[in-house]
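The next block holds one structure in the form of structure tokens; read it before the comments.
Protein chains: 2
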Amino acid sequence: MTDKFTNEEKNGLYKAIHSRRDVRSHFISKPIEDEILSRILNAAHHAPSVGFSQPWNFILIKDPETKKRVKESFEKERERSSQLVEEPKKSKYLSFKLEGILESPVNLCVTYDPSKFGPFVIGRSSIPEAGLYSVCCAIQNLWLAARTENIGVGWVSILSNEMLKKILDLPDHIIPVAYLCLGHVDEFSSKPDLEKKGWLPRLELKDVIYFEKWDKKENFGWKNIQEIIKTNLDYP
Amino acid sequence: MTDKFTNEEKNGLYKAIHSRRDVRSHFISKPIEDEILSRILNAAHHAPSVGFSQPWNFILIKDPETKKRVKESFEKERERSSQLVEEPKKSKYLSFKLEGILESPVNLCVTYDPSKFGPFVIGRSSIPEAGLYSVCCAIQNLWLAARTENIGVGWVSILSNEMLKKILDLPDHIIPVAYLCLGHVDEFSSKPDLEKKGWLPRLELKDVIYFEKWDKKENFGWKNIQEIIKTNLDYP
């Protein structure tokens, strides 16, 4: 398989990456078409996985009773975590809309099963977390595929995993990695919500790249790329 | 931003997902163009991150001395981990080419910095691992962007993170998440190496999807999609 990408195909990937959003407040009630949902789940299933262990499972949820219980866990955790931050940030934090559990037509819990094809998985004996990392790659595949299908995805991480395990009957050894809200949206925000609202700024690319060793921002052998990453590389 | 994707753009994303490979043995020595490398690093930097914390750093490496030391760590860990598996699988495992550290023109260590914008990060107080998950999403963005640019990426997870921290001068609180090998390739394999070589089979999509609760493969409310995911959804 040596086929190159056309400019438009390549653009499709970059467009998905740069216009993908964590969606909380723009869901509409229109159901997700089963063909679309299947395609984006299949995209997730084709993520890289350590030792080809494919250690993920996807639990599709639309039962209102389940959603209600998950939403209760969110509210409890949000209240608890708000105690960790001082005013005026606390009030700002509490004013944010941070989930769309009830409004989104489909909820999806993505889980990690360390026992799949185990105990010996190639590449997992030195870095045991590598299995979890594979599941995250699957989530990002799903997120990008959803964006091209105009489906919004929101990741709710203000939750108790212990509650989630009870609500979804997860066995002890299964780790919930993500609880996602999926649905059609009326729009995708031009920027991440927390950037728009001035919570935190977007870091500059040049500030997250080092050369050869930690914290080295200058290196003669990388002179040209040092210049390029100082320019604004944002997708138009 | 409500712009839809054209069919070709959408296809570009799915093509990247389904033709992306973990590359170990197809690197060629041609250097990576700085413009391409900048674009794929920028794609990584535009991943989702918990509380918009952007907790990643990217250390670009081409120093042969560094590569040599990382390769030594790989060899030691491979030897150690081979003791965990019985014959005949052990010999098979040892026969696999599992990294391209020296042959690939660029190595890249992707790290997680929990202190960035901390200690309070929205969404990280209930699930502390969420910061690590963000870094993995960035890695998958990079991997897909690289594929559209015809750059191969291989993730080496048979390594000692302790050694890596020493080699790259990482401070104590910084976690190395991935050590990647990047370069132009002579081809992308049609299937994952470990699938091709009969190490493990590709799971069927229907076997990783549950409905409403763990392990529930049948649910009347999800009847239509149950049928769809039984068919072969593989990208052509």
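From first to last, the protein sequence lines stand for chains A and B. Heads up, the first sequence is in my numbering, so the first residue is 3 and it goes up one at a time. Heads up, the second sequence is in my numbering, so the first residue is 3 and it goes up one at a time. Every residue gets a Cβ at the ideal spot worked out from N, C-alpha and C, and that includes glycine.
Here the region 135-149 of chain B makes contact with the region 169-182 of chain B; the two share three or more CB pairs at distances below 8 Å. With respect to Leu146 of chain B, Ala49 of chain B sits apart: the two C-beta atoms are not nearer than 8 Å.
Per DSSP, reduced to three states, the secondary structure at Ala49 of chain B is coil, with no helix or strand assignment.
Near chain A, meaning a CB-to-CB distance below 8 Å, the residues of the region 171-183 of chain B are Asp171, Leu172, Pro173, Ile176, Val179, Ala180. The three-state reading of DSSP puts Trp145 of chain B in helix, counting H, G and I together. In the DSSP annotation of this structure, the continuous segment of the beta strand (DSSP E) that includes Ile63 of chain B starts and ends at 58-63. Using beta-carbon distances, Leu86 of chain A counts as an interface residue toward chain B, with a partner under 8 Å.
Gly185 of chain A has a beta carbon lying at 8 Å or more from every beta carbon in chain B. With a threshold of 8 Å between beta carbons, Gly53 of chain A makes contact with chain B. Using a Cβ-Cβ cut-off of 8 Å, Arg41 of chain A is close to Tyr16, Leu235 of chain B, given in chain order.
Apart from the 5 residues on each side of it in sequence, Arg71 of chain A sits with its Cβ closer than 7 Å to the Cβ of Ile169 in its chain, given in chain order. Interface criterion not met: the Cβ of Ile153 of chain B is under 8 Å from no Cβ in chain A.
Counting every other CB atom within 10 Å of its CB across the protein chains shown gives Phe222 of chain B a total below 16, marking it as exposed. Taking C-beta atoms as the reference points, Glu11 of chain A and Gly154 of chain B fail to come closer than 8 Å. The contact set of Leu207 of chain B on chain A, defined by CB atoms closer than 7 Å, consists of Leu43, Asn44, His47 in chain order. Close to Gly223 of chain A, with beta-carbon spacing below 7 Å, are these residues of chain B in chain order: Lys64.
With a cutoff of 8 Å on beta-carbon distance, Lys118 of chain A and Pro57 of chain A are scored as near each other. Per DSSP, His20 of chain B lies in no beta strand (DSSP E); the unbroken alpha helix (DSSP H) holding it starts and ends at 9-21.
Boundaries of the beta strand (DSSP E) harbouring Ile153 of chain A: 153-157, taken from the DSSP string.
By the C-beta density criterion, Glu229 of chain B is exposed, having fewer than 16 other C-beta atoms within 10 angstroms. Per DSSP, the continuous alpha helix (DSSP H) segment holding Asn163 of chain A begins and ends at 163-169. Interface criterion met: the Cβ of Ala132 of chain A is under 8 Å from a Cβ in chain B. Using a Cβ-Cβ cut-off of 8 Å, Phe213 of chain A counts as an interface residue toward chain B, since at least one Cβ of chain B sits closer than that to its own.
Within chain A, the C-beta atoms nearer than 7 Å to that of Lys6 of chain B come from Asn152, in chain order.
Asn152 of chain B is not a Cβ neighbour of Asp36 of chain A, given a cutoff of 8 Å. Residue range 108-114 is occupied by the beta strand (DSSP E) that includes Val108 of chain A. Residue environment: Thr233 of chain B is assigned as exposed (fewer than 16 neighbouring CB atoms within 10 Å of its CB, all protein chains considered).
If you draw a 10 Å sphere on the C-beta of Asp115 of chain A, you find 16 or more other C-beta atoms in it, and that means buried. Scanning B:Asn9, B:Leu39, B:Arg82, B:Asp171 for the CA closest to the CA of His186 of chain B turns up B:Leu39. Legend: CB atoms of the region 139-151 of chain A lying less than 9 Å from CB atoms of chain B belong to residues Cys139, Ala140, Ile141, Gln142, Asn143, Trp145, Leu146, Ala147, Arg149, Thr150, Glu151. Taking the beta carbon of Lys73 of chain B as reference, no residue of chain A falls within 7 Å; the closest one sits roughly 14 Å away.
Under the three-state reduction of DSSP output, Asp5 of chain B falls in the coil class, being neither helix nor strand. Taking Leu62 of chain A as reference, the option from A:Cys183, A:Leu86, A:His28 with the minimal CA-CA separation is A:Cys183. For Ser93 of chain B, the number of other beta carbons within 10 angstroms of its own is below 16, and it is reported as exposed. Interface annotation, Pro90 of chain B: not in contact with chain A, CB-CB separation never under 8 Å. The distance from the Cβ of Ile42 of chain A to that of Leu144 of chain A is about 5 Å, consistent with a contact at the 8 Å cut-off.
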